[in-house]
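A.B. asks: In the working numbering, the protein residues as written are 216 to 343.
All C-beta atoms in this analysis are idealised placements derived from N, C-alpha and C, irrespective of residue type, glycine included.
I'd like to ask you about the structure that follows.
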């Protein structure tokens, strides 16, 4: 009976983890394209390519982590314990995704700042 509950848990956890990863990724990289265009001074091809690479890395890291923490162990063999373990696992994965989201935003803003600094240095060189 415990195996059945564990399989039910996997059947619930995996689609939720994959959906959360997909949703966060699509939201982040749809909006991140604007940052990439700014960083790369409107050069759409390189901005799009870089954004795709970031997106691919985001998928690999997060799906890999979701699979790595997949293991479920039930000691009481009850549905209550299954739900509690799933909520802990899904909640932890959601927190991890949030941290990854802010980590990516940090890189977007850092890239934007570096691009702005480079532009200012260019202006100073041309004025001199």
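Quick check on DSSP: helix, strand or coil for residue 267?
C.D. replies: For the purposes of this step, residue 267 is taken as the residue at position 52 of the chain shown. DSSP places residue 267 in helix when its eight states are reduced to three.
A.B. asks: Could you check if residue 281 is buried or exposed, using at least 16 other CB atoms within 10 Å of its CB as the buried criterion?
C.D. replies: As a working mapping, residue 281 is identified with position 66 in the chain shown. Burial call: buried.
A.B. asks: Closest by CA to residue 244, which one among 274, 221, 219 and 290?
C.D. replies: In the chain shown, the residue the question calls residue 244 occupies position 29. When only C-alpha atoms are compared, the closest one is 274.
A.B. asks: If you run the structure through DSSP and keep just helix, strand and coil, what is residue 246?
C.D. replies: Position 31 of the chain shown, counted from the first residue, corresponds to residue 246. In the structure shown, residue 246 sits in a helix (DSSP, three-state: H, G or I).
A.B. asks: How about residue 278 and residue 320: are their beta carbons less than 8 Å apart?
C.D. replies: Position 63 of the chain shown, counting from 1, holds the residue named residue 278. Position 105 of the chain shown, counting from 1, holds the residue named residue 320. Not a contact, by the Cβ cut-off of 8 Å.
A.B. asks: Beta-carbon separation of residue 265 and residue 251 under 8 Å?
C.D. replies: Sequence index remark: in the chain shown, residue 265 carries index 50 (1-based). Sequence index remark: in the chain shown, residue 251 carries index 36 (1-based). Their beta carbons are under 8 Å apart, which means residue 265 touches residue 251 by this criterion.
A.B. asks: Here's the rule: buried if 16 or more other CB atoms are within 10 angstroms of the residue's CB, otherwise exposed. What is residue 303?
C.D. replies: Looking up residue 303 in the chain shown gives position 88. By the 10 Å Cβ count, residue 303 comes out exposed.
A.B. asks: When you compare the CB positions of residue 297 and residue 231, do they come within less than 8 Å of one another, or not?
C.D. replies: For the purposes of this step, residue 297 is taken as residue 82 along the chain shown, with counting starting at 1. For the purposes of this step, residue 231 is taken as residue 16 along the chain shown, with counting starting at 1. The answer is no: Cβ separation not under 8 Å.
A.B. asks: What's the C-alpha gap between residue 326 and residue 220?
C.D. replies: The residue given as residue 326 occupies position 111 in the chain shown. The residue given as residue 220 occupies position 5 in the chain shown. Between residue 326 and residue 220, the C-alpha separation is close to 46 Å.
A.B. asks: At which residue ranges does the stretch 296-334 contain complete beta strand (DSSP E) runs of 3 or more residues, listed in the order of the chain?
C.D. replies: Complete beta strand (DSSP E) runs here, min 3: none at all.
A.B. asks: On the premise that residue 255 lies in contact with residue 262, defined as a C-beta separation below 8 Å, what is that separation, rounded to the nearest angstrom?
C.D. replies: Position 47 of the chain shown, counting from 1, holds the residue named residue 262. Position 40 of the chain shown, counting from 1, holds the residue named residue 255. At roughly 4 Å, the Cβ-Cβ gap stays under 8 Å, so residue 262 and residue 255 are in contact.
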